[in-house]
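In what follows, a single structure is set out as structure tokens and then discussed.
Protein chains: 2
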Amino acid sequence: MKMRRSERIVAVTKILTDNPYKLISLNRFTERFDAAKSTISEDLAIIKGVFSKEKMGRVETVSGAAGGVRFIPSKGEGDIKEIIRDVCKRLSNSDRVLPGGYIYMTDLIFDPELMSNIGKVFATKFADLEADYIITMETKGIPIALMVARALNLPLVSIRRNSRVTEGSVVSINYVTGSSQKIETMSLARRALPEESKVIIIDDFMKAGGTAKGMLDLMAEFKAEVVDLGVLVETANPKDKLVDDYTSLVILEEVDKVKREIVVKPSSWIQELN
Amino acid sequence: MKMRRSERIVAVTKILTDNPYKLISLNRFTERFDAAKSTISEDLAIIKGVFSKEKMGRVETVSGAAGGVRFIPSKGEGDIKEIIRDVCKRLSNSDRVLPGGYIYMTDLIFDPELMSNIGKVFATKFADLEADYIITMETKGIPIALMVARALNLPLVSIRRNSRVTEGSVVSINYVTGSSQKIETMSLARRALPEESKVIIIDDFMKAGGTAKGMLDLMAEFKAEVVDLGVLVETANPKDKLVDDYTSLVILEEVDKVKREIVVKPSSWIQELN
Numbered sequence: 162m163k164m165r166r167s168e169r170i171v172a173v174t175k176i177l178t179d180n181p182y183k184l185i186s187l188n189r190f191t192e193r194f195d196a197a198k199s200t201i202s203e204d205l206a207i208i209k210g211v212f213s214k215e216k217m218g219r220v221e222t223v224s225g226a227a228g229g230v231r232f233i234p235s236k237g238e239g240d241i242k243e244i245i246r247d248v249c250k251r252l253s254n255s256d257r258v259l260p261g262g263y264i265y266m267t268d269l270i271f272d273p274e275l276m277s278n279i280g281k282v283f284a285t286k287f288a289d290l291e292a293d294y295i296i297t298m299e300t301k302g303i304p305i306a307l308m309v310a311r312a313l314n315l316p317l318v319s320i321r322r323n324s325r326v327t328e329g330s331v332v333s334i335n336y337v338t339g340s341s342q343k344i345e346t347m348s349l350a351r352r353a354l355p356e357e358s359k360v361i362i363i364d365d366f367m368k369a370g371g372t373a374k375g376m377l378d379l380m381a382e383f384k385a386e387v388v389d390l391g392v393l394v395e396t397a398n399p400k401d402k403l404v405d406d407y408t409s410l411v412i413l414e415e416v417d418k419v420k421r422e423i424v425v426k427p428s429s430w431i432q433e434l435n
Numbered sequence: 162m163k164m165r166r167s168e169r170i171v172a173v174t175k176i177l178t179d180n181p182y183k184l185i186s187l188n189r190f191t192e193r194f195d196a197a198k199s200t201i202s203e204d205l206a207i208i209k210g211v212f213s214k215e216k217m218g219r220v221e222t223v224s225g226a227a228g229g230v231r232f233i234p235s236k237g238e239g240d241i242k243e244i245i246r247d248v249c250k251r252l253s254n255s256d257r258v259l260p261g262g263y264i265y266m267t268d269l270i271f272d273p274e275l276m277s278n279i280g281k282v283f284a285t286k287f288a289d290l291e292a293d294y295i296i297t298m299e300t301k302g303i304p305i306a307l308m309v310a311r312a313l314n315l316p317l318v319s320i321r322r323n324s325r326v327t328e329g330s331v332v333s334i335n336y337v338t339g340s341s342q343k344i345e346t347m348s349l350a351r352r353a354l355p356e357e358s359k360v361i362i363i364d365d366f367m368k369a370g371g372t373a374k375g376m377l378d379l380m381a382e383f384k385a386e387v388v389d390l391g392v393l394v395e396t397a398n399p400k401d402k403l404v405d406d407y408t409s410l411v412i413l414e415e416v417d418k419v420k421r422e423i424v425v426k427p428s429s430w431i432q433e434l435n
């Protein structure tokens with residue numbers, strides 16, 4: 162039984178948004194809904210218009226024989242500001258003060274809805290980088306990185322803090338944590354990442370940048386091109402990090418252990434959004 | 162400017178599917194789209210009908226003053242079978258044979274699209290359990306568990322293999338891994354999980370069930386009620402596990418190290434689906 166436009170448009174919207182960054186041929190829609198190509202094109206034009214007007218992401222049409230349509234889950238500037246402002250508000254709760262100038266943020270990092278939104282924020286920022294893989298470091302980097310990878314439709318590769326025998330041949334490097342100056346090891350299985358890939362590194366937290374520097378060094382071992390490095394929270398101090406180019410969302414200005422005060426703010430590129 | 166039905170229905174579909182299990186009041190739609198309650202109700206009836214017919218999940222209406230509508234991302238039986246059959250096919254690739262009867266499955270576990278689907282499979286199975294939290298064990302359990310948590314709109318709590326000083330007061334227990342009989346430690350911060358919560362445990366792999374047993378014991382320390390335990394892959398041997406009640410998706414029958422053959426099959430409840 163054929164569907165009416167209002168019905169078909171529900172199903173097409175669902176299929177598009179379930180498959181971020183995936184090129185879907187118009188034939189798939191014409192066959193599934195027994196509709197003419199021109200009809201589906203009209204449906205897509207309506208969806209495209211609504212998404213654009215309501216800032217719900219973009220619908221991109223690729224013409225030609227290998228063409229089709231794809232959904233790009235970008236966030237509007239206002240939504241990005243609101244998401245990050247909400248993160249700042251939640252992070253500034255004084256109950257989060259931990260010893261050593263750290264703050265408790267595990268609950269936020271494992272909040273699936275928040276991470277889904279943060280994933281879309283990074284995906285909006287990194288939309289044009291044409292990366293092949295998202296790279297992170299276990300454990301706390303994984304939820305954010307997985308959601309960035311989901312939004313960009315890319316595979317995720319997680320670096321481990323120890324080498325495990327169960328993953329075949331492994332590349333390990335030592336690195337010095339920037340803040341506590343301890344020597345640690347990080348490892349990645351050879352088979353996990355093809356050489357000369359284009360990668361985006363995602364992590365939850367950056368203080369001095371020692372771990373980030375280690376990840377860059379490890380990526381060099383895989384001849385990977387690191388096109389950006391995204392962190393959820395960076396600390397204002399030390400000002401000079403061990404890595405130069407990165408994109409943070411939130412800056413942790415100060416943790417006053419005596420007054421139990423946490424000062425956080427959106428990073429400058431977020432503040433400059435309209 | 163008011164929207165036409167075909168436009169409004171795109172936006173309503175997007176809002177519903179972006180917010181699994183979240184009750185959204187009809188007022189939110191009437192205000193945002195400047196439409197009468199009866200108009201929005203008609204929109205929702207159309208969306209409900211299409212989702213049901215196309216097996217794209219359920220739209221549930223809750224009546225009353227505190228009522229509204231919510232999207233439940235359940236998968237149809239046919240889709241579940243297809244997703245799990247695809248996992249079995251990918252897992253049976255002989256390149257995955259690792260020493261010790263293990264198989265390499267890290268790439269699948271960090272495949273965001275696959276994990277999103279697996280998350281919805283578990284969410285379909287566990288839809289009526291009314292859990293408060295999803296619990297997992299770092300590292301490889303996190304991607305699956307995060308996607309289950311996302312589909313059920315629940316917070317995720319990740320047990321750690323070591324206690325970290327940065328999370329305040331911590332409960333640690335020792336457990337014996339069922340297969341290698343080694344004594345290991347797992348820990349969870351007190352603040353991460355309120356006492357007497359209803360929880361679902363999710364993990365990637367179960368052999369003898371030692372880790373799962375450890376997680377059950379740790380949950381007992383938090384007075385939690387474990388309503389189910391979901392694992393992506395269980396091994397056929399040993400047949401008797403250290404835990405009784407669990408739900409697996411895939412059974413690893415045999416890994417022949419000499420012939421480099423992997424035999425995997427969907428678990429029985431999946432095979433019995435129509």
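Which chain is which? The protein sequence lines are D and U, in order. Basically the working numbering = 1-based index in the first sequence + 161. Basically the working numbering = 1-based index in the second sequence + 161. Glycine is no exception: its CB is placed at the ideal position from the N, C-alpha and C atoms. The structure presented is a predicted model; accordingly, all values stated were derived computationally and were not measured.
Sixteen is the threshold: since fewer than 16 other Cβ atoms of the shown chains lie within 10 Å of the Cβ of A227 of chain D, the residue is exposed. Interface residue (Cβ-Cβ distance to chain U less than 8 Å): N314 of chain D is classified as such. Rounded to the nearest angstrom, the Cβ distance from I233 of chain U to V171 of chain D is 16 Å, too far for a contact under 8 Å.
Counting along the chain, no alpha helix (DSSP H) covers D365 of chain U; the unbroken beta strand (DSSP E) around it starts and ends at 359-367. In the DSSP annotation of this structure, the continuous segment of the beta strand (DSSP E) that includes D389 of chain U starts and ends at 386-396. Taking a Cβ-Cβ threshold of 8 Å, the residues of chain U close to G329 of chain D are L259, Y265, in chain order. In the three-state scheme derived from DSSP, where H, G and I count as helix and E and B as strand, V424 of chain U is classed as strand. Non-local beta-carbon contacts of E414 of chain U in its own chain, meaning distances under 7 Å to residues more than five positions away in sequence, involve A397, V424, V425, K426 in chain order. Using a Cβ-Cβ cut-off of 7 Å, S213 of chain D is close to nothing in chain U; its nearest Cβ partner there is about 11 Å away. Separation of D365 of chain D and M376 of chain D (C-alpha to C-alpha, rounded to the nearest whole angstrom) is 13 Å. The residue among U:A373, U:E395, U:L379 with its C-alpha nearest the C-alpha of S358 of chain U is U:L379.
Look at the beta carbons and you see the region 405-414 of chain D not touching the region 178-185 of chain D: under three pairs across the two are nearer than 8 Å.
The Cβ-Cβ distance between V360 of chain U and I296 of chain U falls below 8 Å. For T408 of chain D, no CB of chain U lies under 8 Å from its own CB, so it is not counted at the interface with that chain. The region 345-358 of chain D and the region 284-291 of chain D do not touch, with fewer than 3 CB-CB distances between them shorter than 8 Å. In this structure, D389 of chain D and T408 of chain D form a Cβ contact; the two beta carbons are roughly 6 Å apart against a cut-off of 8 Å. Linking S213 of chain D to K198 of chain D through their CA atoms gives a straight-line distance of about 22 Å. The C-beta of S277 of chain U has 16 or more other C-beta atoms within 10 Å across all chains shown, which makes the residue buried. In this structure, U:G370 is the residue among U:G370, U:I363, U:D405, U:R321 with its C-alpha nearest to the C-alpha of Q342 of chain U.
Apart from sequence neighbours up to five positions away, the residues of its chain that approach S330 of chain U with a beta-carbon distance below 6 Å are R351, ordered along the chain. Close to chain U, meaning a Cβ-Cβ distance shorter than 8 Å, are the following residues of the region 267-278 of chain D: T267, D268, F271, D272, P273, E274, M276, S277. Residue environment analysis places K236 of chain D among the buried positions, since at least 16 neighbouring C-beta atoms fall within 10 angstroms of its C-beta. At a cut-off of 8 Å, the C-beta of L393 of chain U has no neighbouring C-beta in chain D. T338 of chain D is outside the set of residues whose beta carbon lies under 8 Å from a beta carbon in chain U. Among the residues facing chain U, I305 of chain D is not included, as its CB has no counterpart in that chain under 8 Å away. Here DSSP, grouped into helix, strand and coil, assigns T338 of chain D to coil.
For V404 of chain D, no CB of chain U lies under 8 Å from its own CB, so it is not counted at the interface with that chain. Here E422 of chain D is exposed: its Cβ has fewer than 16 other Cβ atoms, across all protein chains shown, within 10 Å.
DSSP places G370 of chain D in the coil class of the three-state scheme, outside both helix and strand. Flagged as an interface residue toward chain D: E299 of chain U, by a C-beta distance shorter than 8 Å. Pairing I363 of chain U with I245 of chain U gives a Cβ-Cβ distance that is not under 8 Å. Taking a C-beta distance under 8 Å as the contact criterion, K183 of chain U and N314 of chain U qualify as a contact pair.
Between A206 of chain U and chain D, the shortest Cβ-Cβ separation is not below 8 Å. For I320 of chain U, the closest C-alpha among the options U:A310, U:R219, U:R189, U:G302 is that of U:G302.
Per DSSP, reduced to three states, the secondary structure at A350 of chain D is strand. Neighbours of E168 of chain U in chain D, taken as residues whose beta carbon is under 8 Å from its own, are I207, G210, V211 in chain order.
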